[in-house]
Structure formats: structure tokens, C-alpha cells
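Asks: Below is a structure I'd like to ask you about.
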Amino acid sequence: MFHTEICDLLGIRYPILQGAMQGAGGPDLVAATSEAGGLGILPTFGGTEEALYGDIEAARKLTDKPVAVNITPMGRAFTESRAKICVEMEVPIVTTGRADPGEAAVGTMKDAGIIVIPVIPTVEHALRVQAEGVDAVIASGNEAGGHVGGVATLPLVPQVVDALDIPVLAAGGIGDGRGFLAMLALGAVGVQLGTVLVATKEAAVNEWYRNAVLGMSATDTIVSAVLTGATVRCIATPEIRAYEDARMSGASKEELKRLRQIARQNYGHSDKTDKGKRDQGTAGQVAGMITEIKSTAQIIEEMIQDAAALSADLAALARASAIAAE
Ligand SMILES: Cc1cc2nc3c(=O)[nH]c(=O)nc-3n(C[C@H](O)[C@H](O)[C@H](O)COP(=O)(O)O)c2cc1C
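Its first residue numbered 3, the sequence shown is counted upward by one per residue in the working numbering.
Have a look at this one:
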């Protein structure tokens, strides 16, 4: 069902990618996604080379389905070293996040036969990576969790689809079968999910994070550069709101530095063992739709089944409208 060209390109059953999630999506989530028919993607956002080798091996022990890697470009040396590891480990698919991976890294991976799919926030960025020779792009809107640009998913996806010759996937704000089907209607050949997979049994998050996502409404996120230096949509905790309020009211450099240190204190420590320590995390506006913890397989299966039912309903509505108009 919903077999698109991206399923053939990536060797997956459903056109659903699990977006890489530093601090939330380790080998368990990645393997669960690939086992459920989607594509699991490991993050490498500032992690060590050893961590990447270890994560690839751990995920491969849990599934024999394709496992991809995401590289968040953090300078040329970082990007190229992680690209070389992907070549050495025969990773079949690499996505990139936040910034342009650059021609050299794309070339290294393409020469080795790796399928390269950057996440892009604008048409201009999409055209640039298309010229670098990538295989597809993921157009990610401003409502997404993690690093974001300024354009929302609904206007971004069709503009990227119209501008490019390669397949386009959609990310940002997709929470269920309705969002999935809407993205296909916009011309996307598949979707990438992030925030909804934080609320799964397989996500590598602590109780604070899981409960925060469960309790959020759509207005409980904020875009701020305080956590990583680039614009990230994250959970609007009191510490991040305090930093942003101070920034907007023209606080001094020293005051902003003090508030930044407070906001960053517990960011990036999330794993299943840190027993509620973390109190900062990224999440998108779709968090407002999350009401219970599910398994990754359940989320993917329900998304496909609900989209199929909705698509049948829409077709019936169109038929009935045509008859009524005759
Ligand atoms: C907790 C979290 C961590 C993320 N980390 C990364 C990352 O390391 N690299 C990346 O390219 N995208 C990252 N993202 C973005 C996701 O891969 C995905 O594109 C995005 O979450 C989709 O939007 P949604 O959250 O509305 O579903 C992250 C998102 C979240 C929620």
C-alpha cells in the first residue's frame, strides 16, 4: 500500500522514514522502524567516530533490513570523516541535516554507491544539493522538531516538488494518516517522522522527555538558537523562554550568556539511564497530537491503514459529488 518510487529506491515497504534524532533515537528505534517496513536512520550530530561504528553495529544486530545514517554537517572535517565511515561500513543510505553537506562529502558517498538524501528547508537549498548530485531531498518545514528554517511544510513541499527533478519527501508536522496522505497530495513520494516517534517504546529518552512530549500542546514549542547555536524547535521550557524573553528585550551579552548556560545545563544527556535528569529537549508542533506511548510498528501501521481508509473515503466523496452534479 502506498508503494512509491522511494520504496524501490530505498528497498523499503512503506514510504516512511524515521528522521534521525540525536538524543532520542538510537539503534532500538532505528531497528524497530526498519523492521516495521520504514527506514530507520541513526544520528551522528557531534557524536564520536567510535559511537557511530558502535551504533551501526548495534542496529544491524537487531535487523537485517536497511539501516541508514544521518550526518549533521558540523564543519568539513566532521562531515567528510563521517561520510568515510559510512563508505567503510557499507551504509546504503545517508541523509544529511541542517546544512549543505558539500560537494566533496556527497561525491565520496556517491562514488561508493551510497544513496544520499539531504534534509532541506528552502527551494534554493534544494536546488543546490540537487546540483551536487543527491538522489532525493526531504523538504522539512518550520513546524518540525530539531533544526528548522522559516518556511512551513504546507507551502514548502509543493514548491520544492515543482522546482526539482528528483524525488521529494516531506517532513515537519506529520502525526498520523491524515498528515501522511496530505503530503502525498502535495507531491511528496514519502514522509519523514520525528516527534511522534519520541513517544514510542523504542525511543532512547528518559521519563522527563517522554512525559513532556505526552503533556504538550502545539503551542508548547519555541524556535531558539540557545541550545546549539542554530535555530532549533524545542520544548518551550521556562529556561528557554527566559533566554528568548531576555534576548527580545535587549538584555546584555553577560546576561544572555548566563541564561544560555542555565538553558544548556541539562541538554544532551538523554538516554534511558539518566533517570529524569534531562530537562531540555527538541520537539515539533505535532507533539500536541500525541496522547499515548505506542510501539513504532503501531504508529507506522496505523498511519498507513488510516491513510488508506481516508483515501477511500475521499474517492467515495468525489464520486458522490460527481453524481450529485450530473
Ligand atoms: C529529538 C529530535 C532530535 C533530532 N535530531 C536530528 C538530527 O540529529 N539530525 C537531523 O537531521 N534531524 C534531526 N531531527 C529532525 C528529525 O529528523 C525530523 O526531520 C523532524 O523531527 C520531522 O519533523 P516532526 O518532528 O514534526 O515530525 C530531530 C528531531 C527531534 C524531534
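All residues carry an ideal CB built from backbone N, CA and C; glycine is no exception.
As the structure is a prediction and not an experimental result, all values here were calculated from the model.
I'd like the list of long-range same chain contacts for glycine 151, defined as Cβ closer than 7 Å, with 5 residues on each side in sequence excluded.
Replies: Within the sequence shown, the letter at position 149 stands for residue 151. So the list reads Pro123, Thr124 and Asn144, once near-sequence residues are dropped.
Asks: Spatial neighbours of lysine 274 within its chain, please: C-beta separation below 7 Å, excluding the five flanking residues on both sides.
Replies: The residue given as residue 274 occupies position 272 in the sequence shown. Unreliable positioning characterises lysine 274 in this predicted model, as indicated by a pLDDT of 43, which lies under 50. The coordinate reading is nonetheless provided below. Once the five neighbours on either side are set aside, the close Cβ partners of lysine 274 are Ala206 and Asn208.
Asks: Would you mind stating whether isoleucine 168 and alanine 187 have Cβ atoms separated by less than 8 Å?
Replies: Stepping through the sequence shown from its first residue, residue 168 is reached at position 166. Stepping through the sequence shown from its first residue, residue 187 is reached at position 185. Cβ atoms of isoleucine 168 and alanine 187: not closer than 8 Å.
Asks: Following a CB-centred definition, is phenylalanine 182 positioned closer than 7 Å to any heavy atom of ligand 1?
Replies: Translated into the one-based positions of the sequence shown, residue 182 becomes position 180. False, no ligand heavy atom lies under 7 Å from that Cβ.
Asks: Ignore the nearest five residues each way along the sequence and tell me which others in methionine 185's own chain have a CB closer than 7 Å to its CB.
Replies: As a working mapping, residue 185 is identified with position 183 in the sequence shown. Cβ neighbours of methionine 185 beyond the five flanking positions: Val159, Ala172, Ile176 and Val193.
Asks: If you follow the beta strand (DSSP E) that glycine 42 is in, where does it begin and where does it stop?
Replies: Locating residue 42 in the sequence shown gives position 40, where the first residue counts as 1. Taken as a continuous stretch (DSSP letters only), the beta strand (DSSP E) holding glycine 42 covers 41-46.
Asks: As a quick exercise: from Ala79, Gly27 and Glu92, pick the residue whose alpha carbon is nearest that of proline 45.
Replies: Taking the first residue of the sequence shown as position 1, residue 45 is located at position 43. Minimum Cα distance to proline 45 is reached at Gly27.
Asks: When DSSP labels each residue in this structure, what does serine 226 get in the three-state scheme?
Replies: Here residue 226 is taken as the residue at index 224 of the sequence shown, counted from 1. DSSP places serine 226 in strand when its eight states are reduced to three.
Asks: Suppose the cutoff is 8 Å on Cβ atoms and the five residues either side in sequence are ignored; what does the same chain contact list for glycine 11 look like?
Replies: Counting from one through the sequence shown, the residue named residue 11 turns up at place 9. A small correction: the amino acid at residue 11 is leucine; glycine does not occupy that position in the sequence shown. The residues are Ile117, Asp137, Ala138 and Pro169.
Asks: Suppose the cutoff is 8 Å on Cβ atoms and the five residues either side in sequence are ignored; what does the same chain contact list for leucine 31 look like?
Replies: For this step, residue 31 is matched to residue 29 along the sequence shown. Correct list, in chain order: Gln20, Met23, Gly42, Leu199, Thr202, Glu204, Ala205, Ala206 and Thr298.
Asks: Of the residues Asn72, Thr155, Ala220 and Val163, which one's Cα is nearest the Cα of threonine 98?
Replies: Residue mapping note: residue 98 aligns to position 96 of the sequence shown, counting from 1. Answer by Cα proximity: Asn72.
Asks: Of all the alpha helix (DSSP H) runs that stay within the bounds of the stretch 53-111, which reach a length of 4 or more residues?
Replies: For the stretch 53-111, whole alpha helix (DSSP H) runs of length 4 or above, ordered along the chain, are 78-90.
Asks: Can we say the stretch 212-228 touches the stretch 283-301, given the rule of at least three CB pairs closer than 8 Å?
Replies: Contact between the stretch 212-228 and the stretch 283-301 is present, because at least three Cβ pairs lie under 8 Å.
Asks: Residue range of the alpha helix (DSSP H) that leucine 129 falls in?
Replies: Mapped onto the sequence shown, residue 129 falls at position 127. Its alpha helix (DSSP H) spans residues 125-133.
Asks: Taking all protein chains shown into account, decide if leucine 319 is buried (16 or more other Cβ within 10 angstroms of its Cβ) or exposed.
Replies: For the purposes of this step, residue 319 is taken as the residue at position 317 of the sequence shown. Exposed, since its Cβ has fewer than 16 Cβ neighbours within 10 Å.
Asks: Between which two residues does the alpha helix (DSSP H) carrying isoleucine 301 extend?
Replies: The count along the sequence shown starts at 1 and reaches residue 301 at position 299. Residues 298-327.
Asks: So what does DSSP say about threonine 275, is it helix, strand or coil?
Replies: Working through the sequence shown from its first residue, we reach residue 275 at position 273. With a pLDDT of 48 at threonine 275, under the threshold of 50, the modelled position of this residue cannot be trusted, and the question is left open.
Asks: Would you please state the rounded distance, in angstroms, between the beta carbons of leucine 148 and arginine 235? I believe it to be under 8 Å.
Replies: Reading the sequence shown from its first residue, position 146 is the one you call residue 148. Reading the sequence shown from its first residue, position 233 is the one you call residue 235. Per the sequence shown, the amino acid found at residue 148 is glycine instead of leucine. Rounded, the Cβ-Cβ distance is 7 Å, consistent with contact.
Asks: For the beta strand (DSSP E) containing proline 120, list its first residue and its last residue.
Replies: The residue given as residue 120 occupies position 118 in the sequence shown. That run of the beta strand (DSSP E) goes 117-122.
Asks: Can you have a look at alanine 314 and say buried or exposed, based on whether 16 or more other CB atoms are within 10 angstroms of its CB?
Replies: As a first step, residue 314 is located in the sequence shown; it is residue number 312 there, counting from the start. When all chains shown are included, alanine 314 counts as exposed.
Asks: Report the residue ranges of all beta strand (DSSP E) runs contained in full by the stretch 161-243; include only those spanning at least 3 residues, in chain order.
Replies: 170-173, 193-195, 223-226 and 234-237, all fully within the stretch 161-243.
Asks: With a 10 Å radius around its C-beta and 16 neighbouring C-beta atoms as the bar for buried, classify serine 254 as buried or exposed.
Replies: Position 252 of the sequence shown, counted from the start, is the residue given in the question as residue 254. Exposed.
Asks: Closest to arginine 180 by CA distance: which of Thr50, Ile302, Pro103 and Gln161 is it?
Replies: Numbered from 1 along the sequence shown, position 178 holds the residue referred to as residue 180. Nearest option by C-alpha distance: Ile302.
Asks: Kindly list the residues whose CB is nearer than 6 Å to the CB of lysine 277, restricted to its own chain and excluding five residues on each side of it in sequence; keep chain order.
Replies: Here the question's residue 277 lines up with position 275 in the sequence shown. Confidence at lysine 277 is low in this model, with a pLDDT of 46, below 50, so the placement of that residue should be treated as unreliable; the coordinate-derived value is given next. Contacts found: none.
Asks: Where does isoleucine 18 sit, in a helix, a strand or coil, going by DSSP?
Replies: Locating residue 18 in the sequence shown gives position 16, where the first residue counts as 1. Isoleucine 18: strand per DSSP, three-state reduction.
Asks: Among residues of its own chain, excluding the 5 on either side of valine 191, which ones have a beta-carbon nearer than 7 Å to its beta-carbon?
Replies: Locating residue 191 in the sequence shown gives position 189, where the first residue counts as 1. Cβ within range, chain order: Thr6, Glu7, Ile8, Pro17, Pro169, Val170 and Leu171.
Asks: Let me check one thing: in DSSP terms, what residues is valine 32 bridge-paired to?
Replies: On the sequence shown, position 30 is the one that residue 32 refers to. Its beta-bridge partners do not exist; DSSP assigns none.
Asks: Going by beta-carbon coordinates alone, are glycine 189 and valine 163 separated by less than 8 Å?
Replies: Along the sequence shown, one-based indexing puts residue 189 at 187. Along the sequence shown, one-based indexing puts residue 163 at 161. Against a cut-off of 8 Å, the Cβ pair of valine 163 and glycine 189 comes out as a contact.
Asks: Any chance the stretch 100-108 sits against the stretch 125-134, with 3 or more Cβ pairs inside 8 Å?
Replies: Touching, yes, given that three or more Cβ pairs across the two stretches are closer than 8 Å.
Asks: Name the residue from Val96, Gly174 and Met91 whose alpha carbon lies nearest to the alpha carbon of glycine 286.
Replies: The sequence position of residue 286 within the sequence shown is 284, counting from 1. Nearest C-alpha to glycine 286: Gly174.
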